[in-house]
Amino acid sequence: MHANGSPVKAEPAEEASVMQDFDIFMAEMESDTAFFSRKRKHSQTSVLDAELDTELEKAVNLEMKIELLDNNTHFPAGDPLSVPSSSASPRTSPFESIEQSETSVSTEGNGENIEKITELKNESHAQPNIETVAVLKRSMASSSRLIGTFTALKSTYLKLCKEFNYLLGKFNENERIKIELIHENNELRRLLWETIKEKELDRKQYKAELAAKGKC
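Taking this note's numbering, the leading residue of the sequence shown gets 190, the next gets one more, and so forth.
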């Protein structure tokens with residue numbers, strides 16, 4: 190900053206270098222956008238595409254903010270702000286004290302800009318990779334579908350178990366009735382056999398009585 194308080198402008202060569210770096214960055218972002226656009230054609234859901242576009246746009250805006258803050262905090266090599274305050278003369282005029290106060294204010298502003306740059310860079314590093322986010326979302330969707338299929342199979346299995354228990358109860362009841370019928374059949378056969386034996390004894394007794402009367 191000069192003595193009149195106006196900010197120091199960057200040299201043309203440095204501005205050209207910054208613009209060249211920015212153009213390279215924008216070209217890389219455009220190539221990445223084209224790459225993700227080609228991949229988006231093979232995506233299965235439009236919701237996932239929208240989320241990927243949003244993440245990509247956030248990344249682009251974040252990089253542009255970092256680039257702008259870097260440009261705002263750039264100083265030439267001969268900037269008087271880079272000179273430590275300890276090297277100044279102990280006797281300063283009022284104009285020099287005003288310049289020093291302005292320098293301290295500018296330094297505080299630059300420190301805030303540097304802190305913002307650090308926070309934005311940390312935020313950019315903290316953001317996950319878009320490819321990783323897409324893979325995780327696909328994995329979560331596959332897991333959800335698998336859980337839904339498992340739940341449907343479990344419900345069907347429980348219904349089949351209930352039906353099997355019902356049929357098993359019917360089968361056991363039929364077996365019980367069958368055993369009761371077998372017992373009744375055996376009882377009838379026993380009664381029939383006893384009746385036949387009684388009739389046979391009666392017939393023999395009747396013949397014996399007839400034979401005794403004939404002898405008489």
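From the three backbone atoms N, C-alpha and C, an ideal C-beta is built for every residue, glycine too.
Note that the structure is predicted; figures quoted are calculated from it, not measured.
Taking C-beta separations shorter than 8 Å and ignoring five residues to either side along the sequence, residue 346 has no partners in its chain. By the beta-carbon neighbour count (other beta carbons within 10 angstroms, threshold 16), residue 255 is buried. Annotation for residue 210: no residue places its beta carbon closer than 6 Å to its own, counting only its chain and skipping 5 residues before and after. The Cβ atoms of residue 322 and residue 244 sit closer than 8 Å to each other. Straight through space, the alpha carbons of residue 388 and residue 399 are spaced by roughly 16 Å. In this structure, residue 214 sits away from residue 246, with a CB-CB distance that is not shorter than 8 Å.
The region 358-402 contains no complete beta strand (DSSP E) run of 3 or more residues.
Between residue 339 and residue 371, the alpha-carbon positions lie close to 47 Å from each other.
Secondary structure of residue 318 (DSSP, three-state): coil. A straight line joining the alpha-carbon of residue 352 with that of residue 343 spans about 14 Å. As the crow flies, the alpha-carbon of residue 359 is around 26 Å from that of residue 376.
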